[in-house]
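Chemist:
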Amino acid sequence: MAYLPPYTKSFLCLANSRKPGGHCVAGRTFNQQSYTEWLRPVSTRNTHEISDAELTYADGTGAKLLDVIKVTCSQSQPLYYQTENHVIAPVCWEKLQSTTWNHVTAATETTNGALWHDGLSSYHGMNDKVPEAIAQILTNSLMLVNPQTLTLVVAQESKYIGGYERRVRAEFSYNNTQYNFVVTDPWIETKYFALPDGKYNVPTSRLCLSLPEILNGNATKLVAAVITPENVTGRQ
1389 MAYLPPYTKS FLCLANSRKP GGHCVAGRTF NQQSYTEWLR PVSTRNTHEI
1439 SDAELTYADG TGAKLLDVIK VTCSQSQPLY YQTENHVIAP VCWEKLQSTT
1489 WNHVTAATET TNGALWHDGL SSYHGMNDKV PEAIAQILTN SLMLVNPQTL
1539 TLVVAQESKY IGGYERRVRA EFSYNNTQYN FVVTDPWIET KYFALPDGKY
1589 NVPTSRLCLS LPEILNGNAT KLVAAVITPE NVTGRQ
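Per the working numbering, the very first residue in the sequence shown carries number 1389; after that it's consecutive.
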């Protein structure tokens, strides 16, 4: 196999969500101030998560959502519909700059029709499942969208394996369709878990949506980040 030299990519981090063993990081690359493709840095481990150590800059601070980051990669490694995956090289990430709400709005996409595929829902969700057969013919797994409405719901939920778990969910409408996805944004979870169970309206936001790996025959859509004008500064 021919040697492929490492290469760098600069991206606006639009997701730094929790994943077993570490983080799922993703964002949009940019070229001459224009946002282009999506990037999901992944590790060489079978589960692909980014560890705390891998997420640490040379000065010891950790990469955050909404940082503009330069990362060194060793190869592209698409996994079915996760075409955005690039394996990281053992080089410290570099923070290029912080960002503003204007950067977030510039990176927002317009998607016509369904968010990947509609019509299948989990027990607590709405239009949040994609069957494996359909997922495997999709060509992307990340989106940044502007919902028509958004309510964050904090509640105890029954678990498939028994018992209950407190969760934050995003109830939102997009293209006149109703959705309900689990939120895996740890900053949002920390903020809303400190509040009583209930529903909280969010007037202006952008949602980073992610389609993770297949589990039990389906891919479950997630809200990997809830970004608002107010929390752009609060996260930095």
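In this text, a Cβ means the ideal position worked out from N, Cα and C, and glycines have one as well. Nothing here was measured: the structure is a model prediction, and the numbers come from that model.
#1: Comparing C-alpha positions only, which one of 1619, 1505, 1462 and 1516 sits nearest to residue 1578?
#2: Tell me whether residue 1477 sits in a helix, a strand or coil according to DSSP, three-state version.
#3: Note down the Cα distance separating residue 1572 from residue 1612, rounded to an integer number of angstroms.
#4: Work out the CA separation of residue 1568 and residue 1513 for me, nearest whole Å.
#5: Quick check: the Cα distance between residue 1488 and residue 1617, rounded to an integer number of angstroms?
#6: For residue 1615, report the span of its beta strand (DSSP E) as first-last.
#7: Considering only their Cβ atoms, is the gap separating residue 1533 from residue 1562 smaller than 7 Å?
#8: Leaving out five residues before and five after residue 1407 in sequence, what residues of the same chain have Cβ atoms less than 7 Å from its Cβ?
#9: With H, G and I counted as helix, E and B as strand and the rest as coil, what does DSSP make of residue 1491?
#10: To the nearest angstrom, how far is the alpha carbon of residue 1469 from that of residue 1527?
#11: Sort 1450, 1518, 1603 and 1494 by Cα distance to residue 1548 and report the nearest one.
#12: Comparing C-alpha positions only, which one of 1614, 1423, 1515 and 1484 sits nearest to residue 1458?
#13: Tell me whether residue 1429 sits in a helix, a strand or coil according to DSSP, three-state version.
#14: Can you find a C-beta in chain D that's less than 7 Å from the C-beta of residue 1606?
#15: Could you check if residue 1392 is buried or exposed, using at least 16 other CB atoms within 10 Å of its CB as the buried criterion?
#16: Evaluate residue 1446 with the Cβ neighbour count: other Cβ atoms within 10 Å of its Cβ, from every protein chain shown; 16 or more gives buried, anything less gives exposed.
#17: When you compare only the Cα positions, how much space is there between residue 1607 and residue 1582?
#18: So, helix, strand or coil for residue 1441, using DSSP?
#19: Return the bridge partner residues of residue 1523 from the DSSP annotation.
#20: Quick check: what's the CA-CA separation for residue 1330 versus residue 1498?
#21: What do you get for residue 1404, buried or exposed, if any count of 16 or more other CB atoms within 10 angstroms of its CB means buried?
#22: For residue 1591, tell me which candidate among 1472, 1502, 1598 and 1614 has the shortest Cα-Cα distance.
#23: Distance, Cα to Cα, residue 1398 vs residue 1418?
#24: Looking only at its chain, what residues have a beta carbon closer than 8 Å to the beta carbon of residue 1344, apart from the 5 residues adjacent to it on each side?
Modeler: Reading it off the structure:
#1: The residue with the shortest Cα to Cα distance from residue 1578 is 1619.
#2: coil
#3: 5 Å
#4: 5 Å
#5: 8 Å
#6: Looking at the DSSP string, the run of the beta strand (DSSP E) that includes residue 1615 is 1610-1615.
#7: yes
#8: Excluding sequence neighbours, residue 1407 sits near 1437.
#9: Helix.
#10: 5 Å
#11: Residue 1548 has its Cα closest to that of 1603, out of 1450, 1518, 1603 and 1494.
#12: 1484
#13: strand
#14: Here there is only one protein chain, and chain D is not present.
#15: exposed
#16: exposed
#17: 29 Å
#18: coil
#19: In DSSP, residue 1523 forms no bridge with anything.
#20: Only positions 1389 to 1624 of the chain appear in this structure, which leaves residue 1330 out of reach.
#21: buried
#22: Of 1472, 1502, 1598 and 1614, the residue nearest in Cα terms is 1614.
#23: Looking at the two C-alpha atoms, the distance is approximately 7 Å.
#24: Limits of the chain in this structure are 1389 at one end and 1624 at the other, which puts residue 1344 out of reach.
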